[in-house]
Structures are given as C-alpha cells and as structure tokens.
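Trainee: Encoded as structure tokens, here's the structure I'll be asking about.
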Amino acid sequence: MTTPQRLEAVRRVQTVMSAAYTGLGAWCLFHPYSVIALGFTPEYAAESSVITYLATRCFGAQAMTCGLVLGTSDMTAFSFTAFGLAMIPYIGWNFWFGIGPARGMVTKLMWLDFVGNVFFLGGSLWCAKVLKEEKKGGKSGHAKKD
C-alpha cells in the first residue's frame with residue numbers, strides 16, 4: 228500500500244469506529260427498552276427499573292459523544308493507542324458477564340459487543356502503528372531514498 232492509501236485506510240477505520248459508537252449510542256439513548264430486552268436475559272430484563280433505563284440512556288449519550296469526538300478529531304498514534312487500550316476493560320466486562328462468574332445475565336447477542344471491542348482495540352493499535360511508521364518516513368520505519 229502506498230502512503231496515501233495507508234492514511235486513507237486509517238481514516239476509514241476511524242470513521243467506522245466513530246459511526247459504530249455514535250449509532251449504537253443513539254440506539255441506547257433513544258430506545259433503551261429494546262437494548263435491555265435484547266442484551267439481558269429475561270430474568271434480569273424483567274427486573275429493570277427506571278434507573279436502568281436512565282443509566283442505559285446516559286451510557287448512550289456518552290457513547291454518542293465519544294463517537295462524535297472520534298469522528299471529528301485528528302487522531303495521532305498516541306491517541307489511537309490510548310483509545311485502543313481503553314477497550315481492555317470492556318473486553319474484560321464481556322468475559323466477566325459472558326463466560327465468567329456473572330454469566331447468565333446477558334444474552335448470547337453480547338458476543339457481538341465482544342467482537343466490536345476487539346475490533347476497536349485491534350483497529351486502534353493498527354492505526355497507531357501505521358501513523359508511527361508514516362511519521363518515521365515509510366512502512367519500514369526508515370526514510371525512503373530515491
């Protein structure tokens with residue numbers, strides 16, 4: 228891939244991550260009932276309260292803000308690295324509630340959340356790597372000679 232193609236790929240990954248955060252955040256904000264019904268097993272969804280719906284909406288608003296900032300920022304290698312590493316607690320959450328001690332609380336659809344979080348981690352770290360390489364002068368990390 229040429230330098231412009233690599234930088235365009237970084238921008239596309241950033242756009243996909245931004246759209247995912249903004250879109251899924253909007254879903255949590257505007258339709259918390261469906262998020263809870265699809266994401267939690269019937270016994271936990273049935274115990275939902277007004278606080279649960281408010282918390283889901285707050286989570287959605289924060290996710291939308293994150294997505295909008297991600298989509299409008301000039302990300303650096305450092306910011307992509309920080310964003311990617313920030314996904315680790317979410318991946319841990321997926322394991323804890325998906326197959327760990329708290330399994331049975333969320334539905335099997337939550338594996339999609341795990342896949343998304345792994346994509347955010349891997350995509351962010353890949354983007355950071357590309358930007359570091361480009362800053363150093365090329366894919367190999369050395370300045371190109373004519």
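In this note's numbering, the protein residues as written are 228 to 373.
We treat Cβ as the ideally placed atom computed from N, Cα and C, and that holds for glycine.
On a predicted model such as this, the values are computed, not experimentally measured, just so you know.
(1) Less than 8 Å between the C-beta atoms of G252 and G294, yes or no?
(2) Comparing alpha-carbon positions, which option in T292, F267 and T229 lies nearest L256?
(3) Between which two residues does the alpha helix (DSSP H) containing G298 stretch?
(4) On a CA-only basis, which of P328, A309, V357 and R330 is nearest L348? Give me that one, please.
(5) When burial is assigned at 16 or more other CB atoms within 10 Å of the CB, is A220 buried or exposed?
(6) Are there 16 or more other CB atoms within 10 angstroms of the CB of D373, so buried, or fewer, so exposed?
(7) To test your reading of the DSSP string, which unbroken alpha helix (DSSP H) runs of 4 or more residues are found completely within the segment 289-362?
(8) Could you tell me which of W353, S300 and V333 sits nearest to F324, measuring between CA atoms?
(9) Tell me, please, whether the segment 275-285 touches the segment 240-252 by the rule of three or more beta-carbon pairs shorter than 8 Å.
(10) Grab me the residues of G350's own chain with a C-beta within less than 7 Å of its C-beta, minus the 5 sequence neighbours each way, in chain order.
Mentor: In terms of the structure at hand:
(1) Taking the C-beta atoms as reference points, G294 is found nearer than 8 Å to G252.
(2) T292
(3) V277 to T299
(4) Answer by Cα proximity: A309.
(5) What the structure shows of the chain is the stretch from 228 to 373, and residue 220 is not part of that stretch, so it cannot be assessed.
(6) Only weak support is given to the placement of D373: the predicted model assigns it a pLDDT of 37, under 50, and the question is left unresolved by the model.
(7) 304-312 and 315-325
(8) Of W353, S300 and V333, the residue nearest in Cα terms is V333.
(9) no
(10) V240 and M244
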